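Novice: The structure that follows is given in the form of C-alpha cells.
Residue numbers (the numbering used here): 55 to 467.
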C-alpha cells in the first residue's frame, strides 16, 4: 500500500469523530504551548539580565562585602555586611596600589521614606558618585545629575526617578524643591527619564544622591555595599582582580583566602552565573510543563484503543481483503502521529502567542522591558516530543489492531 493511501485512510479515521479528535489533540496543544512559552520566556529573561550586566562593560570589576553567597540567605548577608570600609575605598583609589585601575565607584543603599508636603514614598535610596550615571546608562530627563563637587562638599542634592516624582510631586515641577529623606532635606536637582526596569534596580522608583551625604545624613554608616573598580582594559582585568584581593586582604589582616570577608565578580562571572541559574529554572519549569504532555499522550492512547474497539469490523474486512498486519499497524500509527503532529503545530503557534502575551504583560504591568524571544530549541523539542508521543503512545493500540484475527473480528460484529 502506498504511503499516501495510508495517510488518506488515517485522516479519514480521524475526521469521522471530529469532536473526539479535537479534544484528544487539546491535551497535546496545552502541553506543547506550556513548554514553548516557558522556554521562550526563559530565554527572554536571560537575554534581559545578561544585557543589563553587559551595560557595565567588560572592564568593570565588582567588589562585594561578606563571603561569596551559596544561596538566597547568603546573598542577603552580603547586603548587611560592613567589611568594605572608607579606608578600602581610598586605598583602592591609590594608583600605587592598583596601577591598572582607572576609577573606583562606591555604592551605599537602603530603603528610605521620602516626603514632600503630605505625600510620602518608600524608595530605594542610592549613594554614589556622578559616574554612576554612566555605570547604569541613565538618562536625566529634567535638570542635571550630581557631580564630583557635590560629592566632595557632601551636598544634600538628589536625583529622583520618574515614579518618585509622580508620587511626591504629581504635575508640579520638582526641580529646586526640597524632599525629606529620613528627616533630612535634600534639594531635587534632576529627574531620571522613565525607563524599563533593569535586572538589579528599578531606577524609576529610586532616589540617587552623593554617597557622602547618604552615608552621613541618611544611613549613618561608614562602609559601602558595593565598590566597582574599572580596569584600564579587558586584558588588565586579571591584574586588577589580583591587586584588589591583595590590598583588601592586607587591610583586613587576612592570610587565608578561604576566610575572605569580601568577594569579587567580573562581568564574565556574572553572565555565567545568570545563564546557569536561568537555564536551571527553565529546565525545571519545562519539566513541570511537560507533565501535561504525558497526560495528553495517555489521552491519545486511550482514544486509539477505543477507536480500535469501535472499528473491529473495518479491521476484519481489510485483513480479509488482503491487508497485512503491517498495513493495519501503519494506518493506526499514522493516525496517532497525525493527531500529535497537529497538536504540536498548534501548540507551537499558541506558545508564540502566549509568549507575546507574557512580554506585553511584563512591560505594561511590571514595567519590565522583557525582550520577545522565540525559542528555536523549544520549537524543535516540541515537534520532537510530539512525534515521540505519537509513536510511543500510539504503538500499543496500533499493534493491538494489527493482531486482530479477521474471522473473529467479522464474527464479533
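The beta-carbon is built from N, C-alpha and C at its ideal position, and this holds for glycine as well. Given the structure is predicted, the values throughout are model-derived calculations rather than measurements.
1) Would residue 182 and residue 161 be called neighbours here (beta carbons separated by less than 8 Å)?
2) Confirm, please, whether the CB-CB distance from residue 232 to residue 240 is below 8 Å.
3) Going by alpha carbons, who is nearest to residue 256 out of 96, 215, 387, 147?
4) Count the CB pairs spanning the segment 389–398 and the segment 430–444 that are closer than 8 Å, and state whether there are at least three.
5) Relative to the alpha-carbon of residue 407, which residue among 417, 427, 421, 418 has its alpha-carbon at the smallest distance?
6) Going straight from the alpha carbon of residue 316 to that of residue 280, what length do you get?
7) Please confirm if the segment 101–120 is in contact with the segment 421–440, defined as three or more CB-CB distances below 8 Å between the two stretches.
8) Taking the beta carbon of residue 358 as the centre, do at least 16 other beta carbons fall within 10 Å, making it buried, or is it exposed?
9) Should residue 318 go down as buried or exposed, given a rule of 16 or more other Cβ atoms within 10 Å for buried?
10) In whole angstroms, what separates the C-alpha of residue 126 from that of residue 396?
11) Jot down the residue ranges of each uninterrupted beta strand (DSSP E) in the segment 94–163, minimum 3 residues, whole runs only, in chain order.
12) For residue 203, report the span of its alpha helix (DSSP H) as first-last.
13) Express the C-alpha separation of residue 237 and residue 429 in angstroms, rounding to a whole number.
14) Which stretch, first to last residue, makes up the alpha helix (DSSP H) that contains residue 226?
15) Is it right to say residue 269 is buried, meaning 16 or more other beta carbons lie within 10 angstroms of its own, or is it exposed?
16) Can you tell me the Cα-Cα spacing of residue 419 and residue 384, whole angstroms?
17) Helix, strand or coil, according to DSSP, for residue 279 in the structure here?
Specialist: This is what the structure holds:
1) yes
2) yes
3) 215
4) yes
5) 427
6) 10 Å
7) yes
8) buried
9) buried
10) Low local confidence applies: a pLDDT of 46 at residue 126 is under 50, so the model's placement there is unreliable, with the coordinate-based value given in what follows. If I take the Cα positions, the gap works out to 43 Å.
11) 114–119
12) 202–206
13) 50 Å
14) Taken as a continuous stretch (DSSP letters only), residue 226 belongs to no alpha helix (DSSP H), as it is neither H nor E.
15) buried
16) 50 Å
17) coil
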